[in-house]
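Okay, so here's the structure we're looking at.
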Amino acid sequence: MAENFIDAELEYYLEELRGKTQNGLTLEAAADKMRRHPHGAPPEEILKEAMDIFRHQTDLIVEYDTAESVVREHSTGNWYDGPQPNDIYWPHLKKGIEAKIGDAVIGVDEASSQVVASLRPSGDSDFDTRGLVLGYVQSGKTTNFLSVMAKAADVGYRFFIVLTGITESLRSQTQERLDSQLVNGTPNWIKLTTRDNDFKDTQETNRENAASYLSNNQNRVIAVVKKNVAVLRKLNHFIKSAGVHADNCPILIIDDEADQASISVSKDPDTNPSAINEQIRILLDNNKAAYVAYTATPFANILVNPNTHQDIYPRDFIHVLPKPEGYFGTEMIFGVSSPHGEDFEESDGLNMIRRVEEEESDALRPPTKKHGKEEEWDPYIPESLTQAVRWFIIASAARRARGAYAHSSMLIHTAMRTNAHEKTKELLEPEIHRLRQEFLNKPEIWEEQWFTESETVRAEEFDNPKHSFEELSVHIPQVIEELKLIVDNSRSDERLEYNSDEPATVIVIGANTLSRGLTLEGLICSYFVRNATAYDTLLQMGRWFGFRFGYQDLPRIWLTEDLEHWFQALSLVELDLRQDFSRYAREGISPMDFLPRIRLTPGIEVTNRAKQQSMVKAHVSFSGQRVQTILFNHRDKDWLKHNIDATKGLVEELKVRQLPQINKSNGTVVFRQVPNESILDFLKKYKIQENALLGDQGSKALIDYIRKEQESGSIREWSVSFFGKSVKEDASESKTIDLGLDKEISLIMRSQMFNSRQGVANIKTLVGSLDRLNDVDLNKSEWESINERIKADKGRSREAVLIAEHASFIGADVGHIAIYAIDKDSTTSQKADSKSPKAHQQRKNLNAEEHVIGVGIFFPESNRPEGSVEYVSVIAPDEETRERIKDAKEEDLHVKS
């Protein structure tokens, strides 16, 4: 950085280069202009050294691995070389951030510099940048865009517009944060909005003031506005009234919660956009406008038609922020499992989910109106909500026992309708009084719940202090005394607000006003039974995602069975999409050259149907993937027996073909050179559980894919492995199954998840990490060598290494199918703690009616670009759009001097 340079002359010319590139020149054009300076050119040797330093710094920002970046190359070259010692806004903001998160500010610094480098120089004659920053729910996106704004202010951007959600509570919360962290304490800011006032078209913001504000290079003008048609119309009128001064003013528009309200939902979004989207387009039509969308749920944004140039498709860049250390997201809470075996570790997640039965969820959810009339509704507090409230009080007391007298919140989200919120509060008031009496008269109930829950997720796992019930119970009366019930919805007068000087203990009841952007401080407990029908709606309602420093063991979430399984599915959808972005970033593919894919999940929409009008089905290959069955109808004896018979049929087919049977020392039996027809016949007969993530098609997608691979020559033949447990010959107690092989094979063990659906066992993981190579004859040293390559090869995933190894031994056009015979009496090795037999377990015994046949399929790399339908994407850029991009690049190549 410049602060390390000792030579004042070098530093002077470096600053000259920096100023000229920020005015829209390429580095080379800036140097040429300096060489033609009327008062003499700088020494060539020093100028070249300054250029090398500048080039090194800009390259360094591009190469940061903090965020995965998918960027459309700007042919003006790299222009931003990072913050400088004489900057005004970033150093001030950085100091405040560093005080809160310490060394983690380095990641914030790097990620925000990458976003700024993706913008255009503020001094460029015109620009209309479109970008997207993808974060996690409640993960620090605001900190990132605050940092981007500060750095953009330092390099000449002068008008900052933050589009918040659609509620005043979120807008005022955002305004307050920007004021306290960015605006207050730094000079030259002109605030067009305040904490209590959204943008108003008053005399304070008339035409003369607009021209004055936007024409002064020293001014930094800021407006924090709701996505409201009337407000946006006034803002656009204000900008237009400044005339030419607005044309010359570089504007940075931050769209927070960019998938909410910003997307056009009209029947013809391209030519007749909906009202808010139309106003945003007018805003972006200014001569020098950079638009950066921020969201944790980008599904609607990446389904915007890329051919509508005026709209907000992120054609210039997508940055994927890393998951911060200590962040609780879908994967950590709900776990993740993949029937396709993509490159990520499967996990069960933390054991924090508690079940709300269907009849209980209806207790606080009013029935839908029929024929315009309200049905009779007799709400009550179900036992699960009583347990949740009791736990909230206990956990709040536990935090105080740990010395944390801080905000402590519980969320209750049962229904959209406001009358349900009021009724819930009305019922909870006497229930809390009853719980107060229960604690005084029957403290053993409270002690048992504390003991059970604290043994389920242990404090010591997170290096938190462990307290006895006696130690925390002394705080319970005060927690109950300070407990407040708040209804926060579109009709309520009272709003959820946190005073930094007075820690709150609050149970908040509401719906949409709590599900977008608004931070629930110290959220410990969530009771969530509201129905939701789309990915983005579900994820945004998950206010329990975020940071829980000092109380990572205490959060609990009460959910219905359907919601729990949808969140589990969404953990896979999220990972899958982020991995796509990561791959495109590594390959240097721009947002206009790839079409982001979104995995489909049966029973739930990707986003609001009105936002899906540019959506198309994407054909995706199973190339290089592994598919595994993890759901089984374990209580359906006929269904299970059908799959056993299908497996016996496969064995009989292999024997008829007189294929050699290889009995391996690890308990498996392998056949090689199996034709495609034998595998297809087996998959036609084998039943895949209908709710599996392969979708309603079951095995049809697999069969269609294999046929196409066979036709193209990508899959010539197969190996088939029958997996059994490796046992000694004298281990007579080992259970076996007769599948028609030369000898019976020993059954393997697979327990089910404790929260598996009724009648459907979810075993989470079937295949082992090295099972792909089971059909390869390897000695011990060869296995060790492969394991070492997996550890050492950071550039490739484990799966990619295994595919390459398999191809080198067996052939690049050979698939491998693995059959797993699972003991119907499989038990879990996860035992309930003897001290706490009621502690919540994550696994339980399989308890199947018949032995279970699981299937894993390892596909070789394909030479075809298309395959099974399992995803959706956006329509591709048309020829006119591509020509526009090409013309823009050619225009950029013209060196301004």
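For reference, each letter of the sequence shown is one residue, going 1078 to 1974 in this note's numbering.
From the three backbone atoms N, C-alpha and C, an ideal C-beta is built for every residue, glycine too.
All values reported here derive from a predicted model rather than from experimental measurement.
Taking the alpha-carbon of residue i as reference, which of the options has the nearest alpha-carbon?
| i | options | result |
| --- | --- | --- |
| Gly1623 | Leu1597, Asn1155, Ile1952 | Leu1597 |
| Glu1882 | Ser1862, Tyr1897, Ile1896 | Ser1862 |
| Asp1955 | Phe1886, Met1669, Ile1780, Arg1272 | Met1669 |
| Pro1198 | Val1232, Ala1884, Ile1410, Ala1176 | Val1232 |
| Val1728 | Ile1395, Phe1699, Leu1816 | Leu1816 |
| Ala1118 | Asp1136, Thr1374, Glu1086 | Glu1086 |
| Val1292 | Leu1309, Lys1311, Thr1244, Ala1319 | Looking at the sequence shown, residue 1292 is not Val but Ser. Answer by Cα proximity: Ala1319. |
| Ala1181 | Asp1164, Ile1825, Thr1220, Lys1901 | Thr1220 |
| Glu1243 | Leu1649, Val1301, Arg1827 | Just to set this straight, residue 1243 is Ile in the shown sequence, not Glu. Checking every option, the nearest Cα to that of Ile1243 belongs to Val1301. |
| Ile1123 | Leu1094, Gln1134, Thr1098, Leu1636 | Leu1094 |
| Thr1501 | Thr1463, Gln1629, Glu1530 | Thr1463 |
| Asp1142 | Thr1103, Ser1190, Ile1178, Gly1888 | Ser1190 |
| Asp1854 | Ile1840, Ser1798, Tyr1897, Lys1868 | Ser1798 |
| Gln1250 | Lys1303, Asn1100, Asp1203 | Lys1303 |
| Asn1541 | Gly1627, Ala1492, Glu1408 | Gly1627 |
| Glu1786 | Ile1894, Phe1936, Lys1841 | Phe1936 |
| Gly1836 | Asp1657, Leu1247, Leu1708 | Leu1708 |
| Ala1227 | Ser1202, His1169, Leu1211 | His1169 |
| His1893 | Val1751, Val1260, Asp1653, Gly1159 | Val1751 |
Could you tell me the distance, in whole angstroms, from the CA atom of residue i to the CA atom of residue j?
| i | j | result |
| --- | --- | --- |
| Glu1088 | Phe1131 | 11 Å |
| Trp1523 | Ile1471 | 8 Å |
| Asn1063 | Asn1296 | Look at the range of the chain in this structure, 1078 to 1974, and you will see that residue 1063 is not part of it. |
| Ala1370 | Leu1329 | 11 Å |
| Leu1631 | Ala1483 | 14 Å |
| Asp1108 | Pro1120 | Looking at the sequence provided, one finds Ala at residue 1108 rather than Asp. Their Cα atoms are separated by approximately 11 Å. |
| Leu1975 | Thr1904 | Nothing about residue 1975 can be read from this structure; the chain reaches only from 1078 to 1974. |
| Asn1518 | Leu1512 | 10 Å |
| Thr1495 | Arg1442 | 11 Å |
| Pro1401 | Val1650 | 19 Å |
| Ile1822 | Pro1737 | 17 Å |
| Ile1299 | Asp1273 | 15 Å |
| Ser1828 | Asp1902 | 9 Å |
| Val1185 | Glu1145 | 14 Å |
| Leu1534 | Met1429 | The sequence given here places Val at residue 1534; Leu does not occur at that position. Their Cα atoms are separated by approximately 7 Å. |
| Gly1101 | Gln1252 | 31 Å |
| Lys1655 | Val1397 | Residue 1655 is actually Arg in this sequence, not Lys. Whole-angstrom Cα-Cα distance: 7 Å. |
| Leu1850 | Phe1886 | 9 Å |
| Gly1179 | Val1225 | 19 Å |
| Ser1755 | Lys1718 | 20 Å |
| Pro1399 | Glu1187 | 11 Å |
On the premise that residue j lies in contact with residue i, defined as a C-beta separation below 8 Å, what is that separation, rounded to the nearest angstrom?
| i | j | result |
| --- | --- | --- |
| Gly1701 | Glu1938 | 5 Å |
| Leu1209 | Asn1363 | Not confirmed; about 20 Å, so no contact. |
| Met1830 | Gln1919 | 7 Å |
| Arg1568 | Ala1588 | Their Cβ separation, rounded to whole angstroms, is 11 Å, which puts Arg1568 and Ala1588 out of contact at 8 Å. |
| Ser1550 | Ala1481 | Contact doesn't hold; Cβ gap of about 17 Å is too wide. |
| Val1583 | Ser1659 | Not confirmed; about 39 Å, so no contact. |
What residues in its chain sit with their C-beta under 8 Å from that of residue i, if we drop five residues either side in the sequence?
| i | result |
| --- | --- |
| Glu1571 | Ile1563, Val1564, Asp1565 |
| Tyr1404 | Tyr1213, Ser1216, Phe1622, Gly1623, Phe1624 |
| Lys1820 | Asn1740 |
| Lys1317 | Ala1323 |
| Phe1800 | Gly1744, Thr1745, Ile1822, Ile1825, Asp1848, Asn1851, Ala1895, Ile1896, Tyr1897, Ala1898 |
Let me see if you follow: with CB-CB separation under 8 Å, is residue i close to chain D or not?
| i | result |
| --- | --- |
| His1386 | Going by chain labels, chain D is absent from the structure shown, which holds only one protein chain. |
Closer than 7 Å by C-beta to residue i: which residues in its own chain qualify, once you throw out the five before and the five after it? Chain order, please.
| i | result |
| --- | --- |
| Ile1681 | Thr1610, Ala1611, Tyr1612, Trp1643 |
| Ser1691 | Leu1380, Val1381, Asn1382, Val1951, Ile1952 |
| Ile1359 | Asn1313 |
| Leu1760 | Ser1776, Leu1779, Ile1780 |
Take residue i and list the residues in its own chain whose beta-carbon comes closer than 6 Å to its own, dropping the five residues that flank it on each side.
| i | result |
| --- | --- |
| Thr1684 | Phe1376, Ala1377, Ala1611, Asp1613 |
| Asn1740 | Val1746 |
| Pro1914 | Confidence in Pro1914 is poor, its pLDDT being 47 and thus under 50, which makes the residue's placement unreliable; the coordinate value appears in the next sentence. No residues qualify anywhere along the chain. |
| Ser1603 | Leu1488, Trp1621, Ile1634 |
| Leu1196 | Thr1206, Ala1367 |
| His1417 | In this prediction, His1417 scores a pLDDT of 47, lower than 50, which makes its location untrustworthy; the coordinate-derived value is nonetheless stated afterwards. Within the same chain, His1417 has close Cβ partners Gln1702, Val1704. |
Legend entry - Ranges of the alpha helix (DSSP H) found wholly within the segment 1446-1494, counting only runs of at least 4: 1460-1478
Inset, instruction - For the segment 1512-1567, list the alpha helix (DSSP H) runs that are entirely contained and at least 4 residues long, ordered along the chain. - result: 1520-1533, 1546-1550, 1553-1559
Inset, instruction - Mind listing, in chain order, the continuous beta strand (DSSP E) runs of no fewer than 3 residues lying wholly within the segment 1745-1831? - result: 1746-1751, 1794-1800
Legend entry - Whole runs of the beta strand (DSSP E) within the segment 1303-1386, excluding any shorter than 3 residues: Entirely contained in the segment 1303-1386, the beta strand (DSSP E) runs reaching 3 residues are, in chain order, 1328-1333, 1365-1372.
Inset, instruction - Could you pull out every unbroken beta strand (DSSP E) segment of at least 3 residues lying fully inside the segment 1172-1232, listed in chain order? - result: 1204-1211
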